[in-house]
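Peer 1: First, the structure itself, so that you have it in front of you.
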Amino acid sequence: MFKRFFAGVFACLICAVLFINTIFCAAQLFPLAIIKFIIPFKWWHKIMTIILIRVANNWVFVNSMFIHYCFPIKWNVSGLEKLKKDDWYLVISNHQSWVDIIIAQKILYGRIPYMKFFLKKELIWVPIMGPAWWALDFPFMKRYTKEEIEKNPKLKGKDIEITRKACEKFKTSPVAIMTFPEGTRFTKEKHDRQKSPYRYLLKPKAGGVSFTISSMGDHLHKLLNLTIVYPEGPKSLWDFLCRRVRAVDVFVETIDIPENFISADIEDPKFKKTFTEWLNEIWSKKDRLIAKYTEIKK
-4 MFKRFFAGVF ACLICAVLFI NTIFCAAQLF PLAIIKFIIP FKWWHKIMTI ILIRVANNWV
56 FVNSMFIHYC FPIKWNVSGL EKLKKDDWYL VISNHQSWVD IIIAQKILYG RIPYMKFFLK
116 KELIWVPIMG PAWWALDFPF MKRYTKEEIE KNPKLKGKDI EITRKACEKF KTSPVAIMTF
176 PEGTRFTKEK HDRQKSPYRY LLKPKAGGVS FTISSMGDHL HKLLNLTIVY PEGPKSLWDF
236 LCRRVRAVDV FVETIDIPEN FISADIEDPK FKKTFTEWLN EIWSKKDRLI AKYTEIKK
């Protein structure tokens, strides 16, 4: 009982520290972002972007230090050797918990460019984080449904065009874009409902990954395939903050993105088939890797 109580107190203290770190970071980002956008010169925008990213990296650094020194986690990490901070990456991962994002940021901090995410347009209104994402040039995307396109055919390809424009600024500064191909966190219920062919994964959504590659254009050539394994089973964010995560295995694989994928028409049936098979093969290997290290720990 006392152990759970003190774990809860510790978690609350960590939440307070991380919240203060977030507020401190945001307080620096907002005025810098305003200064960036009121002076309409590309060279100025480039300088300010570097400064803004440095502030955001400091936020990740502080969070990572707390995890390193305050959490009794046994880390088993491989595949970081050839990563570069001056390259462009698409980062994909299996998704079991909100902890996955924290783990990915800690593992990849200082090894690749600051990670960004494609966000739904509506998320710009999220308090504190929405304006921070905007200041950091996170690409906000608008996806049109089949029904919307059928009603207005002019919308076809508009979502990619808008996102490509948002990604234009990434051509001058290296960036890493992270996405979870499963689209949601893994649960047994979702797995059974999907009738997923994998043991530890949901079916990957090829459309989201191909959309990202197409939107980024010809300056994105590397795929970072992260496989995150929790030997004791996935934990919630609260469990993580209560220091109940004892071990984490992370395997990083660098894959060259086929050149014909970069300029392909994502609506072309042949491309869809080829791309889906390529991603499914990556997912099959990932599933076998998770099975191997989950069974080793049992």
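Sequential numbering of the sequence shown, starting at -4, is according to the numbering used here.
Here a beta-carbon is modelled for each residue, glycine too, at the ideal position from N, C-alpha and C.
Being a predicted model, the structure only gives us computed values, none of them experimental.
Which parts of the segment 58 to 96 are runs of the beta strand (DSSP E), unbroken and 3 residues or longer, counting only runs that do not cross its ends?
Peer 2: Counting only runs of 3 or more, we get 69 to 73 and 84 to 88.
Peer 1: Tell me the rounded alpha-carbon separation between LYS37 and ALA171.
Peer 2: Residue 37 sits at position 42 when you count from the first residue of the sequence shown. Residue 171 sits at position 176 when you count from the first residue of the sequence shown. For LYS37 and ALA171, the distance between alpha carbons rounds to 21 Å.
Peer 1: Taking the straight line between their C-alpha atoms, what separation do you get for ILE277 and PHE256?
Peer 2: Numbered from 1 along the sequence shown, position 282 holds the residue referred to as residue 277. Numbered from 1 along the sequence shown, position 261 holds the residue referred to as residue 256. Rounded to whole angstroms, ILE277 to PHE256 spans 15 Å at the Cα level.
Peer 1: So for ALA370, helix, strand or coil by DSSP?
Peer 2: Past the edges of the chain, shown from -4 to 293, lies residue 370, and the structure says nothing about it.
Peer 1: How many angstroms separate the CA atom of TRP54 from the CA atom of MET43?
Peer 2: Position 59 of the sequence shown, counted from the start, is the residue given in the question as residue 54. Position 48 of the sequence shown, counted from the start, is the residue given in the question as residue 43. Each residue's alpha carbon lies about 17 Å from the other.
Peer 1: Got a sec? Which residues, its chain only, sit under 7 Å from SER191 by beta carbon, not counting five neighbours each side?
Peer 2: Residue mapping note: residue 191 aligns to position 196 of the sequence shown, counting from 1. Counting only Cβ-Cβ distances below 7 Å, and skipping sequence neighbours, we find LEU197 and LYS198.
Peer 1: Can you confirm whether the segment 222 to 230 touches the segment 239 to 257 when touching is taken to mean that 3 or more C-beta pairs between the two stretches lie within less than 8 Å?
Peer 2: The answer is yes - the segment 222 to 230 touches the segment 239 to 257, with three or more Cβ pairs under 8 Å.
Peer 1: Would you check if the segment 20 to 30 and the segment 120 to 137 touch, i.e. whether three or more CB-CB distances between them fall below 8 Å?
Peer 2: The segment 120 to 137 is in contact with the segment 20 to 30.
Peer 1: I'd like to know whether the C-beta atoms of ILE123 and ALA21 end up nearer to each other than 7 Å.
Peer 2: Here residue 123 is taken as the residue at index 128 of the sequence shown, counted from 1. Here residue 21 is taken as the residue at index 26 of the sequence shown, counted from 1. Yes. Within cutoff.
Peer 1: Compare the beta carbon distance of LYS236 and ALA11 with 7 Å and say whether it is the shorter of the two.
Peer 2: For this step, residue 236 is matched to residue 241 along the sequence shown. For this step, residue 11 is matched to residue 16 along the sequence shown. Checking the displayed sequence, the identity of residue 236 turns out to be Leu instead of Lys. Contact: no.
Peer 1: Short check: CB of GLY173 to CB of MET110, under 7 Å?
Peer 2: Against the sequence shown, residue 173 aligns to sequence position 178. Against the sequence shown, residue 110 aligns to sequence position 115. Checking the sequence shown, residue 173 turns out to be Met, not Gly. It is a contact, given that the beta carbons lie within the stated cut-off.
Peer 1: Measuring CA to CA, which of ALA201, ILE98, PHE270 and LYS280 is closest to VAL240?
Peer 2: By one-based count along the sequence shown, residue 240 stands at place 245. Comparing Cα-Cα distances from VAL240 to each of ALA201, ILE98, PHE270 and LYS280, the minimum goes to ILE98.
Peer 1: Considering only the alpha carbon of each residue, which of PHE61, ILE18, ILE45 and PHE19 lies closest to SER168?
Peer 2: Looking up residue 168 in the sequence shown gives position 173. Closest option to SER168, Cα to Cα, is ILE45.
Peer 1: Could you name each continuous beta strand (DSSP E) segment of 3 residues or more that falls completely within the segment 191 to 224, going from the start of the chain to the end?
Peer 2: Fully enclosed beta strand (DSSP E) runs of 3 or longer: 217 to 224.
Peer 1: Using a threshold of 7 Å, state whether the C-beta atoms of LYS151 and ILE144 are closer than that.
Peer 2: Here residue 151 is taken as the residue at index 156 of the sequence shown, counted from 1. Here residue 144 is taken as the residue at index 149 of the sequence shown, counted from 1. Going by C-beta atoms, LYS151 is nearer than 7 Å to ILE144.
Peer 1: Terminal residues of the continuous beta strand (DSSP E) containing GLU248?
Peer 2: Within the sequence shown, the letter at position 253 stands for residue 248. It spans 242 to 251 - the beta strand (DSSP E) in which GLU248 sits, taken as one unbroken run.
Peer 1: Starting from MET136, follow its DSSP beta bridges and name the residues at the other end.
Peer 2: The sequence position of residue 136 within the sequence shown is 141, counting from 1. LYS115, per the DSSP bridge assignment.
Peer 1: Note down, in chain order, each residue of its chain lying with its Cβ closer than 7 Å to the Cβ of ARG194, except the 5 sequence neighbours on either side.
Peer 2: Here the question's residue 194 lines up with position 199 in the sequence shown. Around ARG194: ASP282 and ALA286.
Peer 1: Going by other Cβ atoms of all chains shown within 10 Å of its Cβ, with 16 needed for buried, is GLU177 buried or exposed?
Peer 2: Counting from 1 along the sequence shown, the entry for residue 177 is found at position 182. Classification for GLU177: buried.
Peer 1: Report buried or exposed for LYS230, applying the criterion of at least 16 other Cβ atoms within 10 angstroms of its Cβ.
Peer 2: Numbered from its first residue, the sequence shown carries residue 230 at position 235. Under this definition LYS230 is a buried residue.
Peer 1: Have a look at LYS69 and THR17 and give me their C-alpha separation to the nearest angstrom.
Peer 2: Indexing the sequence shown from 1 puts residue 69 at position 74. Indexing the sequence shown from 1 puts residue 17 at position 22. Roughly 26 Å between the two C-alpha positions.
Peer 1: Per DSSP, which residues does ALA171 bridge with? Please list them.
Peer 2: Looking up residue 171 in the sequence shown gives position 176. DSSP output for ALA171 lists TYR84 and MET110 as bridge partner(s).
Peer 1: Using the C-alpha atoms, what's the distance from LEU114 back to GLY3?
Peer 2: Position 8 of the sequence shown holds residue 3. Position 119 of the sequence shown holds residue 114. Near 32 Å, if we compare the C-alpha coordinates of LEU114 and GLY3.
Peer 1: Going by Cα to Cα distance, which pick from ILE208, HIS186, SER205 and ASP132 is closest to ILE29?
Peer 2: Residue numbering aside, residue 29 sits at position 34 when the sequence shown is read from its first letter. ILE29 has its Cα closest to that of ASP132, out of ILE208, HIS186, SER205 and ASP132.
Peer 1: Under a Cβ-count criterion, where at least 16 other Cβ atoms within 10 Å of its own Cβ denotes burial, should TRP93 be classed as buried or exposed?
Peer 2: The residue labelled residue 93 in the question sits at position 98 within the sequence shown. Flag for TRP93 reads exposed.
Peer 1: So is SER205 buried or exposed if we call it buried at 16+ other beta carbons inside 10 Å?
Peer 2: Counting from 1 along the sequence shown, the entry for residue 205 is found at position 210. Its Cβ being crowded by 16 or more others within 10 Å, SER205 is buried.
Peer 1: Helix, strand or coil for SER279 per DSSP?
Peer 2: Counting from 1 along the sequence shown, the entry for residue 279 is found at position 284. Helix, per DSSP.
Peer 1: Can you tell me whether DSSP reads ARG159 as helix, strand or coil?
Peer 2: Working through the sequence shown from its first residue, we reach residue 159 at position 164. Note: ARG159 maps to helix in three-state DSSP.
Peer 1: Buried or exposed, going by whether 16 or more other CB atoms sit within 10 Å of the CB of TRP83?
Peer 2: Locating residue 83 in the sequence shown gives position 88, where the first residue counts as 1. Flag for TRP83 reads buried.
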